[in-house]
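Trainee: First the structure, then my questions, so here it is.
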Amino acid sequence: MSSTSAPRSQAGASGVAFLLQLERRLRLLQDTGEILSLSAQLLGQRLGAQQVACFDIDQTLQCPTLQHAWSDGLAPGAAGEYFLGDYAARLADALAAGQALAVSDVASDPRTAMPAALATFARLGIRAFLNIPIAKEGRLAALFVVHSSAARLWHADEIELAVQVSERVWSTILRAQAEARLRALSASMETQVAERTREFGRTWNVSPDLLGVLNLDGYFEHSNPAWQATLGWSAEEIRTTRFLELIHPEDLPRTHAAWDAANQGQPALRFENRYRHKLGGWHWLSWVAVPEGDKVYCSARDITVEKKLEADLAARNSERERLWRSAQDLMVAIDAEGCFAAVNPAAGAILGWLPEEMLGRSLFDFVLPEDAAATRQALAHVSQEAMPSFENRYRHRDGGHRWLSWVAAPEGDLVFATGRHVTLEKEAESTLRSMQESLRHSEMALLQSQKLEALGKLTGGVAHDFNNVLQIISGNLQLLQLTLDNDPLAAKRIASASAAVERGAKLSAQLLAFARRQPLKPLVTDLAQLLRATEELLRRATGETIETRLLLADDCWRALVDPHQLENVILNLAINARDAMEGQGQLTIELSNSVLGSDYAARHADVAPGDYVQLAVSDTGTGIPAELLDKIFEPFFTTKKEGEGTGLGLSMAYGFLRQSGGHLTVDSLPGHGSTFRIYLPRSLEAETELPLQLGGPVLGGKETILVVEDDVQVQTTVVDMLRGLGYAVLRASDGESALAIIGSGVPIDLLFTDVVMPGKVASTALARQARVLLPQLAVLFTSGYTQDAIMQGGRLEPGVELLSKPYRREDLARRIRHLLANRQHVTALHQYRAQLAPQPATAPPGMRHILLVEDNADARAMTGDLLAMLGHTVLAVGTAEEALPLLATPGLDLLLTDISLPRMSGAELAELAARDHPRLEVVFSTGHAPANSGVLDPQARFLVKPFTVEQLQQALLPPA
57 MSSTSAPRSQ AGASGVAFLL QLERRLRLLQ DTGEILSLSA QLLGQRLGAQ
107 QVACFDIDQT LQCPTLQHAW SDGLAPGAAG EYFLGDYAAR LADALAAGQA
157 LAVSDVASDP RTAMPAALAT FARLGIRAFL NIPIAKEGRL AALFVVHSSA
207 ARLWHADEIE LAVQVSERVW STILRAQAEA RLRALSASME TQVAERTREF
257 GRTWNVSPDL LGVLNLDGYF EHSNPAWQAT LGWSAEEIRT TRFLELIHPE
307 DLPRTHAAWD AANQGQPALR FENRYRHKLG GWHWLSWVAV PEGDKVYCSA
357 RDITVEKKLE ADLAARNSER ERLWRSAQDL MVAIDAEGCF AAVNPAAGAI
407 LGWLPEEMLG RSLFDFVLPE DAAATRQALA HVSQEAMPSF ENRYRHRDGG
457 HRWLSWVAAP EGDLVFATGR HVTLEKEAES TLRSMQESLR HSEMALLQSQ
507 KLEALGKLTG GVAHDFNNVL QIISGNLQLL QLTLDNDPLA AKRIASASAA
557 VERGAKLSAQ LLAFARRQPL KPLVTDLAQL LRATEELLRR ATGETIETRL
607 LLADDCWRAL VDPHQLENVI LNLAINARDA MEGQGQLTIE LSNSVLGSDY
657 AARHADVAPG DYVQLAVSDT GTGIPAELLD KIFEPFFTTK KEGEGTGLGL
707 SMAYGFLRQS GGHLTVDSLP GHGSTFRIYL PRSLEAETEL PLQLGGPVLG
757 GKETILVVED DVQVQTTVVD MLRGLGYAVL RASDGESALA IIGSGVPIDL
807 LFTDVVMPGK VASTALARQA RVLLPQLAVL FTSGYTQDAI MQGGRLEPGV
857 ELLSKPYRRE DLARRIRHLL ANRQHVTALH QYRAQLAPQP ATAPPGMRHI
907 LLVEDNADAR AMTGDLLAML GHTVLAVGTA EEALPLLATP GLDLLLTDIS
957 LPRMSGAELA ELAARDHPRL EVVFSTGHAP ANSGVLDPQA RFLVKPFTVE
1007 QLQQALLPPA
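Residue numbers (this note's numbering): 57 to 1016.
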């Protein structure tokens, strides 16, 4: 930066001489314009500047008013208001603090090198400047500016000289203004005194205000009688006492300051302080004091009462303010337009809105639309008279709402209202109503449940005795059939009687289902897959004139349920729907996920909150009248014509679902159809495979079976059936006698016991104690009325084998043969495994890669261990479906598979293996004789259970 050096002012004496000469010349001037003009010219010439100006700061530095400017080489500024913008905003704090600002070059100084400011400076021809602030009582009152058209370096003595000049000029201006006011006041007073000379004496004496004339020493030379009337002091006491001695100590600093100002010629207007009363205490006085020459003329009014009233009012206002701010209730003032004129801070706590966010806005911006009409009506009413109570809902900032109970009254143009937050009370009332309604529903549901429970106990007991009777009839019919010698008439009669037994057994099963006493074998089931598999059966059952639709959600949860019983329930509901539609209509089966909450559970006594799979069966039939909806689940109740139904279908479905932990509801409208909704609890476990369905030939054996049955006729029948199958049979009528037989040491292979037993030893206790004495004993339960002894929550305990009454001879034979074969096989495998020594790590000659398929977990584990000990590599799975993808395993030599497998049999698996992998060897493992295995291939290789290690090794040898 190139700067032009201005002539420096002389320091020291020359600067003082300049200031003294300036003061002498200024004392001769009384006009503000002349004072500014002379001082600006002298200072500009002294500093060699091109312009000096004075700005009056009325409000902010951004908009100063130019009072006067002297120019020499720069265009003079016009008097008036200027806008300095951002430049002033940046410097306001420093100037207000009284700091002089010197800028040597506006282009390089960061405080001024802004595009907008530089453009202004260039337009005015300013390159360097001084800003000298005049700050009074913390406020910027005026600003002196010195401008240079060339860049220059401002020296400290130049800045100090400019500061001294500005201070003296400002003081001179204030003095001139005060003198002008005093002269005007004096002239006015002289006129008034001249006009009212005659009244002065009377006014002086009768005025209630304290009048007095103070000299410069602080004594009242004259005082009117009001002094004694107000303060108790006589005129002589006032004249001989310096007035400052009567001032309250706390008011002395302010009074001293006002007295000093008066001595400087400045009047005091409405100055307040406290004077001591002669008898004690203090009186507040409000003063007007005007100095004139060496006297100060004073007038004071006693404002003690007003001060007390002010204090009382301030206390009341403070109390109201504290109440306004601390109140927990919402307090508002509403104007004639329905807008908030005042809102207390409780709005934030209650509604989430700050008071300033609500001020000026219509109350209907916050009232819920549903309550707007009632609120308008209430507002119109309260505008005329007070309203005791009104409730409505206001929007909360979080999107919810809050209930408020209002009390309101009009005052002037405003309505003042107080709103109490009653949301919790409202919710409690709603909850109470809901609880009362839920209690009513629960009481009704309890009565219905108790009625159905009583019916269930009755039907369960009937079914138990009925099943025993059916077992006797069925068993004897089957035994009788074995004795026929090609007598077609007798065979026809036996078949007819057997069919009647089957119908009776079905009826009994329905009764047990309603009583929740049927044995269930629940599996983790994919209901969507079950419905797809059942779809064709449903279509055949409903007929071609019924349109059947399946709406299955893609992400349905799994449920723990007996799939066979559930299929019966669905089929029964579909047939009922077909009958209700009279063969023409639409059947819709929907499957979806459902979450039942606590509210729903409160209305339904038999439901626990949680995740459920919902299966809805809807029809477009005639519907069910409302008065019959509570009866349709009762046994033998039906809306069908006589002979068209037993009335047990829905009761069976109801009992089965309750037993499964589920829930069944119905919605129906006469003429518009019905919807039955099944809710089954969600299962988080993996889907389980369907259990083994035993088939094949009816075979007996030579093992020993202990039959425990309290009904003598049933016992005789089953003993005859077992002996006809070749078994040795022992019999007992209760648990104690059965334990005595087992404890005698007689070899027993299988215990076949009724569940419901008389005496002290229950059937489950009998089974546990028998297995302690005979660890390898197989146990098979039978019952016509399954109680909780062998069940958990209506489901068979794990590992329990049950044959329900009435049963056929074929079912009894297959179940016993299956249990005995598995027991013998696993026992043999344990023995052979214990006999085998550990094999070396190296693979022996003849090692095979084997895929083992066995559904019995124990047998699969034991056989796998044996094969590994023999040095073979084994892949072991439980189903044919799991085995299919493993058939392509590289290096696989041999498939060793059980024949009786869930779903796909071992024979079907072998056919697929032969087709896709013809080099793969196949060995069938079975408990049946090869001739009765169902395998038609004459070249098939068999390993008959139970087998020895030698037989296993022989079966694994490659064919010659």
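Don't be surprised by glycine CBs; every beta carbon is placed ideally from N, CA and C. Keep in mind the model is a prediction, meaning the values are calculated, not measured.
Between I631 and chain D, is there a C-beta pair that is closer than 8 angstroms?
Mentor: Checking the listed chains, one finds no chain D in this structure; it contains a single protein chain.
Trainee: Strictly by DSSP, which residues pair up with R453?
Mentor: Numbered from 1 along the sequence shown, position 397 holds the residue referred to as residue 453. None; R453 has no bridge partner.
Trainee: For the stretch 68-78 and the stretch 213-231, state whether three or more C-beta atom pairs, one from each stretch, are separated by less than 8 angstroms.
Mentor: Contact holds: three or more Cβ-Cβ distances are below 8 angstroms.
Trainee: Taking DSSP as the reference, what is the three-state secondary structure of D844?
Mentor: Stepping through the sequence shown from its first residue, residue 844 is reached at position 788. Unreliable positioning characterises D844 in this predicted model, as indicated by a pLDDT of 44, which lies under 50. A coordinate reading is not provided.
Trainee: Please name the residue in G666, R634, D662 whose C-alpha comes closest to that of D675.
Mentor: Reading the sequence shown from its first residue, position 619 is the one you call residue 675. Minimum Cα distance to D675 is reached at R634.
Trainee: Who are the Cβ neighbours of A198 in its own chain at under 7 angstroms, not counting the five residues just before and after it?
Mentor: Looking up residue 198 in the sequence shown gives position 142. Once the five neighbours on either side are set aside, the close Cβ partners of A198 are C110, F111, D112, I113, I190, W226.
Trainee: Whose C-alpha, out of L608, N187, L379, is nearest the C-alpha of G154?
Mentor: Residue numbering aside, residue 154 sits at position 98 when the sequence shown is read from its first letter. Of L608, N187, L379, the residue nearest in Cα terms is N187.
Trainee: Can you tell me which of L435, I91, E413, L460 puts its alpha carbon nearest to the alpha carbon of R453?
Mentor: If you number the sequence shown from 1, residue 453 lands on position 397. Minimum Cα distance to R453 is reached at E413.
Trainee: If you drop the 5 nearest sequence neighbours on each side, which residues of the same chain put their C-beta closer than 7 angstroms to that of A1011?
Mentor: Numbered from 1 along the sequence shown, position 955 holds the residue referred to as residue 1011. Counting only Cβ-Cβ distances below 7 angstroms, and skipping sequence neighbours, we find V979, R997, L999.
Trainee: State the start and end residues of the unbroken beta strand (DSSP E) segment that holds P737.
Mentor: For the purposes of this step, residue 737 is identified with residue 681 of the sequence shown, where counting begins at 1. It spans 729-739 - the beta strand (DSSP E) in which P737 sits, taken as one unbroken run.
Trainee: Give a yes or no on contact between the stretch 460-480 and the stretch 383-390, applying the rule of three or more CB pairs nearer than 8 angstroms.
Mentor: yes
Trainee: So if DSSP puts F837 in a beta bridge, which residue, or which two residues, is it bridged to?
Mentor: On the sequence shown, residue 837 is found 781 positions in, with the first residue counted as 1. Per the DSSP secondary-structure output, F837 pairs in a beta bridge with T809, L858.
Trainee: Could you work out which residue in L931, R231, E937 is closest to T945 when comparing CA atoms only?
Mentor: As a working note, residue 945 is residue 889 in the sequence shown. Among L931, R231, E937, the Cα nearest to that of T945 is on L931.
Trainee: Quick check: what's the CA-CA separation for P737 versus P974?
Mentor: Taking the sequence shown and counting its residues from 1, the one referred to as residue 737 is at position 681. Taking the sequence shown and counting its residues from 1, the one referred to as residue 974 is at position 918. So the two alpha carbons sit approximately 46 angstroms from each other.
Trainee: May I ask you to verify whether the stretch 818-836 touches the stretch 780-787, counting CB pairs closer than 8 angstroms and requiring at least 3?
Mentor: no
Trainee: Which of the three DSSP states, helix, strand or coil, is assigned to P171?
Mentor: Residue numbering aside, residue 171 sits at position 115 when the sequence shown is read from its first letter. Three-state DSSP puts P171 in a helix.
Trainee: I need the boundaries of the beta strand (DSSP E) containing V580, first residue and last residue.
Mentor: Numbered from its first residue, the sequence shown carries residue 580 at position 524. Per DSSP, V580 belongs to the beta strand (DSSP E) from 579-581.
Trainee: Mind checking whether S730 and S739 have CB atoms under 8 angstroms apart?
Mentor: Here residue 730 corresponds to residue number 674 of the sequence shown, with the count starting at 1. Here residue 739 corresponds to residue number 683 of the sequence shown, with the count starting at 1. Taking 8 angstroms as the Cβ cut-off, S730 and S739 do not qualify as a contacting pair.
Trainee: Let's test the definition: count the other Cβ atoms within 10 Å of the Cβ of D810 and tell me whether it reaches 16, buried, or not, exposed.
Mentor: Counted from its first residue, the sequence shown places residue 810 at position 754. Buried, because 16 or more other Cβ atoms sit within 10 Å of the Cβ of D810.
Trainee: Got a sec? Which residues, its chain only, sit under 6 angstroms from N878 by beta carbon, not counting five neighbours each side?
Mentor: By one-based count along the sequence shown, residue 878 stands at place 822. Hits under 6 angstroms: N912.
Trainee: Give me the Cβ distance between R330 and D350, rounded to the nearest whole Å; I'm assuming they're in contact under 8 angstroms.
Mentor: By 1-based counting over the sequence shown, the position of residue 330 is 274. By 1-based counting over the sequence shown, the position of residue 350 is 294. Not a contact, Cβ separation roughly 27 angstroms.
Trainee: Kindly list the residues whose CB is nearer than 8 angstroms to the CB of E362, restricted to its own chain and excluding five residues on each side of it in sequence; keep chain order.
Mentor: As a working note, residue 362 is residue 306 in the sequence shown. Once the five neighbours on either side are set aside, the close Cβ partners of E362 are W340.
Trainee: For L583, is the classification buried or exposed, using 16 other Cβ atoms within 10 angstroms of its Cβ as the cut-off for buried?
Mentor: As a first step, residue 583 is located in the sequence shown; it is residue number 527 there, counting from the start. Classification of L583: buried, given that the 10 Å Cβ count is 16 or more.
Trainee: Give the DSSP bridge partners of K364, in chain order.
Mentor: Within the sequence shown, numbered from 1, the residue matching residue 364 stands at position 308. Paired residue(s): none; K364 is not in a bridge.
Trainee: On the DSSP bridge assignment, give the partners of W459 in chain order.
Mentor: Position 403 of the sequence shown, counted from the first residue, corresponds to residue 459. In the DSSP output, where bridge partners are listed per residue, W459 has R449.
Trainee: Mark K364 as exposed unless 16 or more other C-beta atoms lie within 10 angstroms of its C-beta, in which case mark it buried.
Mentor: Position 308 of the sequence shown, counted from the first residue, corresponds to residue 364. Exposed: under 16 other Cβ atoms inside 10 Å.
Trainee: Under DSSP, the beta strand (DSSP E) around Y668 begins and ends at which residues?
Mentor: Translated into positions along the sequence shown, residue 668 becomes position 612. Segment 666-675, the beta strand (DSSP E) holding Y668.
Trainee: Apart from the five residues just before and just after T296, which ones in its own chain have a Cβ nearer than 8 angstroms to its Cβ?
Mentor: Within the sequence shown, residue 296 is the residue found at index 240, counting from 1. Cβ neighbours of T296 beyond the five flanking positions: Y275.
Trainee: Helix, strand or coil: how does DSSP classify S164 here?
Mentor: Locating residue 164 in the sequence shown gives position 108, counting from the first residue. In the structure shown, S164 sits in coil (DSSP, three-state: anything other than H, G, I, E or B).
Trainee: Measure the alpha-carbon distance for A917 versus A924 and round it to whole angstroms.
Mentor: In the sequence shown, the residue the question calls residue 917 occupies position 861. In the sequence shown, the residue the question calls residue 924 occupies position 868. Cα to Cα, A917 sits roughly 11 angstroms from A924.
Trainee: Excluding five sequence neighbours on each side, which residues of the same chain lie with their C-beta closer than 8 angstroms to the C-beta of E759?
Mentor: In the sequence shown, the residue the question calls residue 759 occupies position 703. Excluding sequence neighbours, E759 sits near Y783, A784, D805, L806, L876.
Trainee: Tell me the residue span of the beta strand (DSSP E) that contains L325.
Mentor: Translated into positions along the sequence shown, residue 325 becomes position 269. For L325, the enclosing beta strand (DSSP E) starts and ends at 324-332.
Trainee: Entirely within the stretch 67-117 and at least 3 residues each: give me those beta strand (DSSP E) ranges in chain order.
Mentor: Positions of the beta strand (DSSP E) runs, each at least 3 residues long and wholly inside the stretch 67-117, are given as 107-112 in order along the chain.
Trainee: Taking the alpha-carbon positions, what's the G757 to A555 distance?
Mentor: The sequence position of residue 757 within the sequence shown is 701, counting from 1. The sequence position of residue 555 within the sequence shown is 499, counting from 1. The straight-line gap separating the alpha-carbon atoms of G757 and A555 is approximately 29 angstroms.
Trainee: What's the gap between the Cα of W289 and the Cα of L335?
Mentor: Sequence index remark: in the sequence shown, residue 289 carries index 233 (1-based). Sequence index remark: in the sequence shown, residue 335 carries index 279 (1-based). C-alpha separation (whole angstroms): 9 angstroms.
Trainee: Within the same chain, show all residues whose beta-carbon is closer than 7 angstroms to that of L587, passing over the 5 residues directly before and after it, in chain order.
Mentor: For this step, residue 587 is matched to residue 531 along the sequence shown. Same-chain partners within the cutoff: L606, L608, I645, L647.
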